[in-house]
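Let me begin by presenting the structure, written as structure tokens, before commenting on it.
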Amino acid sequence: MQTAAVIPPLNERPIKNTIVLFDVDETLTKSRQEVKPEMLTLLSALRQKVAIGYVGGSDLAKQQEQLGTSEIKVTSLFDFCFPENGLTAFRLGVPLASQSFIGWLGEEKYKKLVNFLLRYISEIDLPFKRGTFVEFRNGMVNVSPVGRNATNAERDAFNVFDTEHKVREKMVAVLQKEFVELGLTYSIGGQISFDVFPTGWDKRYCLQHVEAEKARPDGVDYTTIHFFGDKTSPGGNDYEIYSDPRTIGHSVADPDDTLKQVKAEFFS
66 MQTAAVIPPL NERPIKNTIV LFDVDETLTK SRQEVKPEML TLLSALRQKV
116 AIGYVGGSDL AKQQEQLGTS EIKVTSLFDF CFPENGLTAF RLGVPLASQS
166 FIGWLGEEKY KKLVNFLLRY ISEIDLPFKR GTFVEFRNGM VNVSPVGRNA
216 TNAERDAFNV FDTEHKVREK MVAVLQKEFV ELGLTYSIGG QISFDVFPTG
266 WDKRYCLQHV EAEKARPDGV DYTTIHFFGD KTSPGGNDYE IYSDPRTIGH
316 SVADPDDTLK QVKAEFFS
């Protein structure tokens, strides 16, 4: 791991005006698992050439568990960290302005949404259910019909079940009809859950932080933005940023594929 390497300033990276952004689950790591040393080594080498960042739906604590260690903060491994799609953001380890989902929606509408979610989940029949079905985050709500406390084996089993029975897809369709007036987007990602957030607060949200860089005294105008992600089809939580005209999208199958594609793009 090359965490002690001296990193060039953002405006002195050899590949000019370029930033590479990564999804987390199934792109940098297996879903909710720790990153492999080979990936960290590649990211450290890539950071010598371009600016790098990640954008994920989970909060910073979960991304610290997956990408950092007890000695190394995840915010030191990337130039830009965008937890919760960038609604919480860090630049070179320093927090940037954040947004609040509940502040935007309001307490009464939020309670109505959560009550509906819990009632719906209580009435669907699944092979098993665990815990934490609705997780409140700063910029969104994460909904898991099976529960976020499921083990890795249970996550795999639910993912197979969901692929056949479309549990999340059907639930999203019901929510879109029930709460059409709230202006919310529902985005399926990972193995067991989907995110709920105000329309426009998808992963493209982080791009405003990238675009703001050019206004800094020593800032960089990032005219080339690469994005690597696995859920890049319509309805997946990488689709919007992957297909955005401001980005060059790379669709990956898993972390091994990410390694292969990054090496081909930047080290061949």
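The number in the working numbering is simply the position in the sequence shown, starting from 1, with 65 added. The beta carbon of each residue, even a glycine, is placed where N, CA and C say it ideally should be. Computed from a prediction, not measured in an experiment: that's the story for all the values here.
Taking C-beta atoms as the reference points, GLU91 and ASP295 count as a pair closer than 8 Å. Within the same chain, no Cβ atom closer than 8 Å to the Cβ of GLU229 is found once the five residues on either side in sequence are excluded.
The residue from VAL237, VAL85, GLY204 and ALA162 with its alpha-carbon nearest to that of GLN326 is VAL85. Judged by DSSP secondary structure, ALA116 falls within the beta strand (DSSP E) whose first and last residues are 116-120.
For ASN180, there is no enclosing beta strand (DSSP E); the enclosing alpha helix (DSSP H) covers residues 172-188. In terms of CA proximity to ASP124, PHE155 leads the group SER109, PHE155, ALA110 and ILE137.
For the set LYS95, SER141 and TYR185, the Cα lying nearest the Cα of ARG112 is the one of SER141.
CA-to-CA, the gap between ALA329 and CYS271 works out to about 26 Å. The Cβ-Cβ distance between GLY255 and GLY301 does not fall below 8 Å.
For ILE306, the enclosing alpha helix (DSSP H) has its first and last residue at 304-308. Residue pairing by DSSP places ASN207 opposite GLU200 and ASP260 in a beta bridge. Boundaries for VAL139: no beta strand (DSSP E) harbours it, and the DSSP string shows neither H nor E there.
In this structure PHE193 is exposed. Its beta-carbon is surrounded by fewer than 16 other beta-carbon atoms within 10 angstroms. In the DSSP assignment, VAL317 falls outside any beta strand (DSSP E), carrying neither H nor E. Nearest Cα to ASP227 within the set TYR304, LEU191 and PHE198: LEU191.
DSSP places VAL85 outside any alpha helix (DSSP H); the residue lies instead in the beta strand (DSSP E), whose first and last residues are 83-87. Taking 8 Å as the cut-off, the Cβ atoms of LEU152 and LEU247 do not count as close. Here the stretch 281-293 lies against the stretch 74-84, with 3 or more beta-carbon pairs under 8 Å apart. Partner residues in the beta bridge of GLY301, as assigned by DSSP, are ILE253. Counting C-beta pairs closer than 8 Å gives three or more between the stretch 256-268 and the stretch 206-214, which meets the contact rule. In the three-state scheme derived from DSSP, where H, G and I count as helix and E and B as strand, PHE293 is classed as strand. When DSSP reads this structure, PHE155 sits in a beta bridge with CYS146 and PRO160.
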